[in-house]
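Only one structure is covered here, and it is reproduced in the block below.
Residue numbers (this note's numbering): 1 to 229.
Below is the structure:
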């Protein structure tokens, strides 16, 4: 089986080298770009399995790279991990709202970053539940094909959004805390990351449009997928 391909978009050569060495040691193949336009062309040409993306890069910044990739159907499902020195909460929220799967602030632990990369790739690999297709009032989730359709039209979800929706649907009627969702969907639980769940739920509701109310907020606890019409 060939190694999973990771694109590192980072204009600091020392950090790019550290990332490349750490990922290679973990068994990944790495590609490196140092500016935004080159990153877009590399993604379209190489179709990596995951992108580690700095925000402050020459050309177009990481936010615009993320936005462009999520807009194109061919590249919209490629997971993105943002790695940046911008630690403000608003930057984290904007990055996740644009479709990034995770957000890591510099300085970072290379070991932790590799663990996060592996967790994201696991989320991008479909798990086959006992029921392969879920249907409810125009919403259809094909767990094996990793596809969601609403009223006959495909809903484009990131790997994390799909895993989050799948987890809620499989436990429909039960309340899942933010901590449970972090552990199950993201594969880790760090203090302060509950907002990550909230941001992804908000994006998921936007994409489900008229079915958004099926994902209920249970104040002070977490979320629940309705088990009744």
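Every residue, glycine too, gets a C-beta built ideally from N, C-alpha and C. The model shown is predicted, which means the values in this text are computed figures rather than measured ones.
**Report entry** Neighbourhood of residue 43 by C-beta, 8 Å cutoff - its chain only, sequence neighbours within 5 removed
**Finding:** Here residue 43 refers to the residue found at position 43 when the chain shown is read from its first residue. Around residue 43: 7, 51, 69, 75, 78.
Requested in this report: For residue 96, I'd like the list of residues in its chain whose CB is within less than 8 Å of its CB, leaving aside the five on either flank, ordered along the chain.
Outcome: The residue you call residue 96 lines up with position 96 of the chain shown. 103, 196, 199, 200, 203.
**Report entry** Cross-strand partners of residue 106 (DSSP beta bridge)
**Finding:** By 1-based counting over the chain shown, the position of residue 106 is 106. Note: residue 106 is not bridge-paired with any residue in the DSSP secondary-structure output.
Requested in this report: Tell me where the beta strand (DSSP E) around residue 153 begins and ends.
Outcome: Within the chain shown, residue 153 is the residue found at index 153, counting from 1. Annotation: the continuous beta strand (DSSP E) that includes residue 153 extends over 153-155.
Query raised in the report: What is the rounded straight-line gap between the Cα of residue 159 and the Cα of residue 120?
Result: Sequence index remark: in the chain shown, residue 159 carries index 159 (1-based). Sequence index remark: in the chain shown, residue 120 carries index 120 (1-based). If you take the alpha carbons of residue 159 and residue 120, they lie about 8 Å apart.
Query raised in the report: Leaving out five residues before and five after residue 181 in sequence, what residues of the same chain have Cβ atoms less than 6 Å from its Cβ?
Result: As a position in the chain shown, residue 181 is number 181, starting the count at 1. Only 197 meet the Cβ criterion.
Query raised in the report: Taking the alpha carbon of residue 133 as the point to measure from, which residue in 24, 23, 144 has its own alpha carbon closest?
Result: On the chain shown, residue 133 is found 133 positions in, with the first residue counted as 1. Closest option to residue 133, Cα to Cα, is 144.
Query - Nearest residue (CA-CA) to residue 122, options 185, 147, 138, 169 - result: If you number the chain shown from 1, residue 122 lands on position 122. When each option's Cα is compared against that of residue 122, the closest is 185.
Query - Nearest-angstrom Cα separation, counted from residue 37 out to residue 66 - result: For the purposes of this step, residue 66 is identified with residue 66 of the chain shown, where counting begins at 1. For the purposes of this step, residue 37 is identified with residue 37 of the chain shown, where counting begins at 1. In this model, residue 66 and residue 37 are separated by some 12 Å (Cα to Cα).
Requested in this report: Output the boundary residues of the beta strand (DSSP E) element that contains residue 224.
Outcome: Here residue 224 is taken as the residue at index 224 of the chain shown, counted from 1. Counting along the chain, the beta strand (DSSP E) containing residue 224 begins and ends at 222-225.
Query raised in the report: Where DSSP assigns a beta bridge to residue 142, which residues make up the other side?
Result: Locating residue 142 in the chain shown gives position 142, counting from the first residue. 133, 147, per the DSSP bridge assignment.
Query - Own chain partners of residue 116 with C-beta closer than 6 Å, once the 5 adjacent residues on each side are dropped - result: If you number the chain shown from 1, residue 116 lands on position 116. If we look at residue 116 and ignore the five residues flanking it on each side, its Cβ neighbours are 102.
Query raised in the report: Where do the ends of the beta strand (DSSP E) carrying residue 5 lie?
Result: Within the chain shown, the letter at position 5 stands for residue 5. Segment 5-9, the beta strand (DSSP E) holding residue 5.
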